[in-house]
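249 is the number that our numbering gives the last residue of the sequence shown; the numbers go up by one with no jumps.
We put the CB at the ideal spot given by N, CA and C, even for glycine.
Worksheet: the structure to be examined is printed underneath.
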Amino acid sequence: MSPRKEVIGSAELWLGDCIDVLPTLHKVDAVITDPPYGMQRDGKPQSTSSHGGHKGYEFMGWDQEPPSADVFSMILAAADCQIIWGANFYPQHLPPSMGWLFWDKGQRISQSDGELAFTSMQKALRVFTLNRAAIAQDGAVHPTQKPLALMKWCIEQAGTPETILDPFMGSGTTGVAAVQMGRQFIGIEREPKYFDIACKRIEDAQRMGDMFWFQEAHKPKDSEQNSLL
Numbered sequence: 021m022s023p024r025k026e027v028i029g030s031a032e033l034w035l036g037d038c039i040d041v042l043p044t045l046h047k048v049d050a051v052i053t054d055p056p057y058g059m060q061r062d063g064k065p066q067s068t069s070s071h072g073g074h075k076g077y078e079f080m081g082w083d084q085e086p087p088s089a090d091v092f093s094m095i096l097a098a099a100d101c102q103i104i105w106g107a108n109f110y111p112q113h114l115p116p117s118m119g120w121l122f123w124d125k126g127q128r129i130s131q132s133d134g135e136l137a138f139t140s141m142q143k144a145l146r147v148f149t150l151n152r153a154a155i156a157q158d159g160a161v162h163p164t165q166k167p168l169a170l171m172k173w174c175i176e177q178a179g180t181p182e183t184i185l186d187p188f189m190g191s192g193t194t195g196v197a198a199v200q201m202g203r204q205f206i207g208i209e210r211e212p213k214y215f216d217i218a219c220k221r222i223e224d225a226q227r228m229g230d231m232f233w234f235q236e237a238h239k240p241k242d243s244e245q246n247s248l249l
């Protein structure tokens, strides 16, 4: 199936495999992405507990193995700045860097305390602390979804780039963060189910942004407000 493009405001969204789409794109300011880790975490059964448990997700097979060396080569060529989550699973495909990011999940239980992201930036390692429960507050719709606040922090760490590419868009959280911060976004997702979810989330974010800017543009000036008193 040939890739299909949807344009939603400042976002250009592609349904297709990134290995097919990436060679057709122009260079961007930053790639911020969360690729498959190869952990078979593309789904999870529903669970219950005294704390409510977690929802289940259909196993779809997209996390059987990490991206190939060719894909990482294209990602590194797509921008001068990269932030790549889960990079400790494929360090052989990435150059040495001192500017790693760490998401401290604010929990000390049987699951991982946090996650690591490679960056191409040669600066000090940075830590962002946010309990993983924030994903549920965002509206959890993907088994490996990242919190919206985390992805906004990533954009800030990248120097607030104007154009952001996510070749593994998933449910579109990076795109929502980019749109809410007034940035241009290009996203690629090969699973139609998650592509549709991403389109809806980014469309909602775009609409809310348009409403905000409309209200700001039509807000009475101080002199107009005084004349109404």
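Boundaries of the alpha helix (DSSP H) in which residue i is found, first to last residue
i       : result
Phe-92  : 89-97
Ala-197 : 193-200
Trp-173 : 168-177
Beta strand (DSSP E) segment containing residue i, residue limits
i       : result
Asp-303 : Because the chain in this structure spans residues 21 to 249, residue 303 falls outside the shown range and cannot be described.
Thr-44  : Where Thr-44 is concerned, there is no enclosing beta strand (DSSP E), given that its DSSP letter is neither H nor E.
Thr-183 : 183-186
Phe-205 : 204-209
Val-161 : No beta strand (DSSP E) contains Val-161, which DSSP labels as neither H nor E.
One or two residues paired with residue i in a DSSP bridge
i       : result
Arg-24  : Leu-35
Ala-50  : Cys-101 and Ile-184
Ala-137 : Trp-105 and Leu-121
Phe-148 : Trp-123
Euclidean distance between Cα positions of residue i and residue j
i       : j       : result
Ala-97  : Gln-127 : 36 Å
Val-51  : Ile-129 : 31 Å
Trp-173 : Pro-23  : 30 Å
Leu-136 : Gly-179 : 19 Å
Met-250 : Thr-194 : Limits of the chain in this structure are 21 at one end and 249 at the other, which puts residue 250 out of reach.
Ala-160 : Tyr-214 : 12 Å
Ile-155 : His-162 : 10 Å
Met-118 : Pro-87  : 23 Å
Lys-143 : Ser-132 : 25 Å
Gly-72  : Gln-157 : Bear in mind that the predicted position of Gly-72 carries a pLDDT of just 49, short of 50, making it unreliable; the figure below should be weighed with that in mind. For Gly-72 and Gln-157, the distance between alpha carbons rounds to 14 Å.
Pro-167 : Gly-134 : 13 Å
His-200 : Gln-84  : The sequence shown places Gln at residue 200, rather than the His named in the question. Looking at the two C-alpha atoms, the distance is approximately 32 Å.
Leu-114 : Arg-146 : 19 Å
Gly-106 : Gly-190 : 15 Å
Pro-181 : Met-21  : 32 Å
Pro-55  : Tyr-110 : 10 Å
Ser-30  : Ile-175 : 16 Å
Glu-26  : Ala-198 : 16 Å
Ser-93  : Pro-116 : 14 Å
Ile-28  : Asp-216 : 12 Å
Tyr-57  : Ala-89  : 13 Å
Met-141 : Met-228 : 32 Å
Thr-183 : Lys-220 : 20 Å
Beta-carbon spacing of residue i, residue j below 8 Å
i       : j       : result
Thr-164 : Ile-104 : no
Ile-206 : Val-91  : no
Ala-255 : Val-196 : No statement about residue 255 is possible, as the shown extent of the chain runs from 21 to 249 and does not include it.
Leu-121 : Thr-139 : yes
Ile-208 : Cys-38  : yes
Lys-125 : Asn-108 : no
Gly-36  : Arg-210 : yes
Leu-185 : Ala-99  : yes
Ile-222 : Leu-42  : no
Gly-192 : Ala-218 : yes
Pro-212 : Ile-95  : no
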